[in-house]
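Read through the structure below, which is laid out as structure tokens, and then see the notes.
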């Protein structure tokens, strides 16, 4: 037991119930031994197979029991030799003793198969059974003509087989029935099981979808049957902590002798250990009612014609199955009635202190949760001690906190069915429709499951990792929209994008979808991103990311206008399937446009309002493989790019900050003042909170996005910890947003000073995502940092927005492509940056080693600039080879070009010459451009036995241009260029070498 305090409440953790692991041992095959007449009467009365089948289907349990009927024990033996059975039910014939003799023989041969005797009810049969040797028989039941008894027998035996694992290990509750009368327990068990199953169905409706409902039903309380005092005590000592209540006879054997007061003796034994355990006493002797009342027990008369109803009412009231009723302790009148979990959440604050104390002290609160299979809440509440009335407020907080955490936990990792009356602020991910979630939708659902499996996401060094509240319109909504508005003719035509969009905007969405949107507005109080989620998007080996549109709509108080914007955004995303670029991409990837289906994601936009502009503190993308590692980095460390504001800035190719999550303190772009001022973000993207005038939708999905200067954003306090200030007087960057100098987006307080664990979180998302997907991944994320992150326990939130496998064809590189002999190569580098196959390059521009003079490097740079302009104008990509460092500001170390002077190069090579071996730059002078445009970079030190250039072969080729310093060689066919970024290996193959380019199957144009 724990006492309640704020620290314990803040660290409260609920473990989800593994319903899928329940009921692992089940009855699949039943051997029924009965005369043809008895078997016929049983079938005719209740159709055993059919009822058992439907009961199993309702529980989502596969393989309901199958019945094999035989007339004799000899036939039964033959069946047992040929087939496996889980239960034997025998109906005695005229010779009852034969059944018990056979049972002992069967038990000797098949000790693991339960043997049940099903007898007709009569005093004579009961008298004869009392004199039989019952060894080998697990249970004897009286057949009263009710097929529910067969179901009860199967459930009772399954409950016994699964009790240890399900009750002890998982926390499933149980009810103990103590009864030695065959007739009475044969009557009570069907009533009890029928009631429990109906309650399970009722309570399961609180689950989020049909699958969760079926799983929840597996958590119904088990029933344990004891037929004497000693067995009852043993079961209570083993499972008493998980008992909802006990139903007991009064007269039954104790130590082998019939004890007329055994029931009351057992009740005293139980209440010595658990004073508040509900006990229902059943007896044919009405005089026992007085003692039952005196001992605080519930009494039921077995002689009553209404016994089944009385039993159901008593179980409902005292075992926690009914409504949670709060009664005035003085006069007993009803103060409050609670039926559902949501009602409990709303009403727990209304329970008076004294009544709350009594309900908690008697475990009635935890029992109510337990009966509904809400085991994590029940366990958490039972584990805390309620010592005095002064703790009433703390107890309310505990109950409320448990409910909130439970609902968040159950919403996590589950795609719920959107129900207008049940979608609330604790709902996390829901679907409208029955079709597919689409690629992005599947990715989000997968992320949600990852987060659920990793509890540290709730508090990762003070940061919560989660996904934004999401609702997916499934693909069947798209189908209905297209067909009901007859949109396929224009969608598949050659009409312009604007024409298609105009037609789609004029179409109507289903009215029930409009109603759901209005219900969504009751909960969502932030802008919404309306994102595409097609069947092909983000799927394995289908590179469709970024092909379709994403629109953002602001949060407006005017719900009518907000509804119009949301409807138009959904229709615009649907229209983007049929825009010209989408059709062209479909053709290029051999997909058929009319087979594409679109789901739509409605997702809260991450961010906060900053003086009329809405945006997150930061957005980013990450990849679990880094094909441009520098310094101590390796490809497997991964890489991330982050920017302030909306993530569209990165998608549009903005100047994002690139870093390795394993080396966050070593950011190339901020390694020198010059780079920081030149290669960092100066503007961010934001969504006007007023909708920017709510313009009409266009084919440009950024029509309502505005650009804001970093300086203006800093003045709102939005970028605290993300910018540094340039101190012009001292020529340094101060890692603060204070001061009057230029604001530079460095993320220094985050990446270098540990204010916020962004690098660690990105590393977690990349490594975990790659492990869970079983392949390299790309991710998207965004987040907000708390203004007082340096002092507060809660530093902020990171929203994991997307995950997808890396599927670019150019990156699916066969390692064998690099296994080419040097004799067939022009170039080989053992220190290569980039990855994949490059195609379309037919020219090599190189600095002539025989005439190289470092004193002429400035002049050579000007010549390279002229050549580059000419090559770019003629759309001729090329390989650039030269000694020393390309782009060095010191001309003694290399040719001092700027990026625009070599922007047409697809592969840049730094080489070493005898007497001129400069420490390589690895492209650091224009690294941002290399990574943005996918340019390869080779470092070759042939004198140092690292890589090779067949310069003699190049010199032997005719030149299309030649000067004192430079030479250009052209080829008839594109050169085969391959880079394995994971191994830092790269090659350029000589023309005519068989099998290299042809076998790759990936000679595609680079972006």
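In this note's numbering, the protein residues as written are 49 to 1055. No residue lacks a Cβ here, since even glycine has one placed at the ideal position from N, Cα and C.
Rounded to whole angstroms, what is the Cα-Cα separation between residue i and residue j?
i	j	result
residue 298	residue 393	40 angstroms
residue 244	residue 454	23 angstroms
residue 189	residue 151	15 angstroms
residue 804	residue 603	29 angstroms
residue 917	residue 927	14 angstroms
residue 909	residue 629	39 angstroms
residue 991	residue 841	56 angstroms
residue 211	residue 794	59 angstroms
residue 637	residue 220	At residue 637, the pLDDT of 49 sits below 50, so the modelled position is not reliable; the number obtained from the coordinates is stated separately. Residue 637 and residue 220: Cα-Cα distance of roughly 52 angstroms.
residue 1016	residue 854	36 angstroms
residue 337	residue 125	49 angstroms
residue 483	residue 687	35 angstroms
residue 81	residue 141	10 angstroms
residue 307	residue 300	6 angstroms
residue 426	residue 446	11 angstroms
residue 647	residue 801	42 angstroms
residue 87	residue 118	9 angstroms
residue 444	residue 515	29 angstroms
residue 690	residue 727	13 angstroms
residue 806	residue 517	21 angstroms
residue 294	residue 395	29 angstroms
residue 1056	residue 953	The structure shown has nothing for residue 1056, since the chain only spans 49 to 1055.
residue 573	residue 342	57 angstroms
residue 67	residue 263	6 angstroms
Could you tell me the boundaries of the alpha helix (DSSP H) in which residue i lies?
i	result
residue 416	412-419
residue 406	401-409
residue 547	545-554
With a threshold of 6 angstroms (Cβ to nearest heavy atom), would residue i be considered close to the ligand FMN?
i	result
residue 770	Absence of the ligand FMN from the depicted structure is noted, as is the absence of any ligand whatsoever, leaving it without description.
Could you spell out the range, first to last residue, of the beta strand (DSSP E) harbouring residue i?
i	result
residue 559	Counting along the chain, residue 559 falls outside any beta strand (DSSP E), though it belongs to the alpha helix (DSSP H) covering 559-569.
residue 985	984-988
residue 6	Since the first residue of the chain shown is 49 and the last is 1055, residue 6 is not available in this structure.
residue 482	Per DSSP, residue 482 belongs to no beta strand (DSSP E) and is neither H nor E.
residue 774	771-775
residue 301	300-302
residue 330	327-331
residue 1009	1007-1010
Excluding the 5 residues preceding and the 5 following residue i in the sequence, name in chain order all residues of the same chain whose CB lies nearer than 6 angstroms to its CB.
i	result
residue 851	491, 495, 817, 825, 827
residue 730	758
residue 566	none
residue 101	112
residue 94	Reliability of the predicted coordinates at residue 94 is poor, the pLDDT of 47 falling under 50, and no value is obtained from them.
residue 587	Note on residue 587: pLDDT 49, under 50, position unreliable in the model; the coordinate value appears next. Contacts found: 487.
residue 280	226, 274, 314
Note down, in chain order, each residue of its chain lying with its Cβ closer than 7 angstroms to the Cβ of residue i, except the 5 sequence neighbours on either side.
i	result
residue 339	312
residue 556	533
residue 770	665, 666, 692, 793, 795, 798
Keeping to the same chain, check which residues put their C-beta closer than 8 angstroms to that of residue i; ignore five residues upstream and five downstream.
i	result
residue 775	781, 782, 787, 789
residue 35	Within the shown structure, residues of the chain are numbered from 49 to 1055, placing residue 35 beyond reach of any answer.
Consider the Cβ of residue i: report whether some Cβ of chain D lies at a distance smaller than 7 angstroms.
i	result
residue 1012	Structure shown: chain D not included; a single protein chain is present.
For a minimum of 3 consecutive residues, which ranges assigned as the beta strand (DSSP E) are wholly contained in the region 937-962?
You should have 953-959.
Three CB pairs or more closer than 8 angstroms across the region 222-240 and the region 282-292:
The region 222-240 vs the region 282-292: in contact.
Do three or more CB pairs link the region 669-678 to the region 754-763 at distances below 8 angstroms?
These segments do not touch.
In chain order, each alpha helix (DSSP H) run of at least 4 residues that lies wholly inside the region 793-846:
Taking only runs of at least 4 residues, the alpha helix (DSSP H) segments lying wholly in the region 793-846 are 796-799, 806-821.
Would you call the region 831-841 and the region 705-721 in contact, with 3 or more CB pairs under 8 angstroms?
Cβ pair count under 8 angstroms is below three, so no.
Evaluate contact between the region 1023-1037 and the region 878-892, counting only Cβ atoms and requiring at least three cross-stretch pairs below 8 angstroms.
Counting Cβ pairs under 8 angstroms, three or more are found: they touch.
Sequence ranges, beta strand (DSSP E) only - wholly within the region 176-263, length at least 3:
Counting only runs of 3+ residues, the beta strand (DSSP E) found wholly inside the region 176-263 occupies 187-191, 222-226, in chain order.
Is the region 871-878 in contact with the region 982-998, if contact means three or more CB pairs nearer than 8 angstroms?
A contact exists between the region 871-878 and the region 982-998.
Every unbroken beta strand (DSSP E) within the region 726-769, with a cutoff of 3 residues, ordered by chain
You should have 731-736, 754-757.
My parser needs the alpha helix (DSSP H) runs of 4 or more residues fully inside the region 607-684; what are they?
Within the region 607-684, the complete alpha helix (DSSP H) runs of at least 4 residues are 607-624, 628-636.
Runs of alpha helix (DSSP H) lying entirely within the region 844-920, each at least 4 residues, in chain order:
Listed in chain order, nothing qualifies, since the region 844-920 has no complete alpha helix (DSSP H) run of 4 or more residues.
Whole beta strand (DSSP E) elements within the region 143-175, 3-residue minimum
With a minimum length of 3 residues, the continuous beta strand (DSSP E) runs that stay inside the region 143-175 are 163-168.
Using 8 angstroms as the cut-off, can you tell me whether the region 262-282 makes contact with the region 414-421, which would need three or more C-beta pairs spanning the two stretches below that distance?
Note that the region 262-282 touches the region 414-421; at least 3 beta-carbon pairs, one per stretch, sit closer than 8 angstroms.
Specify whether the region 184-198 and the region 230-238 touch according to this definition: at least 3 beta carbon pairs, one from each stretch, less than 8 angstroms apart.
In the pairwise beta carbon analysis, the region 184-198 is classified as touching the region 230-238: at least three pairs are separated by under 8 angstroms.
Between the region 930-937 and the region 950-959, do three or more beta carbon pairs fall short of 8 angstroms?
Touching, yes.
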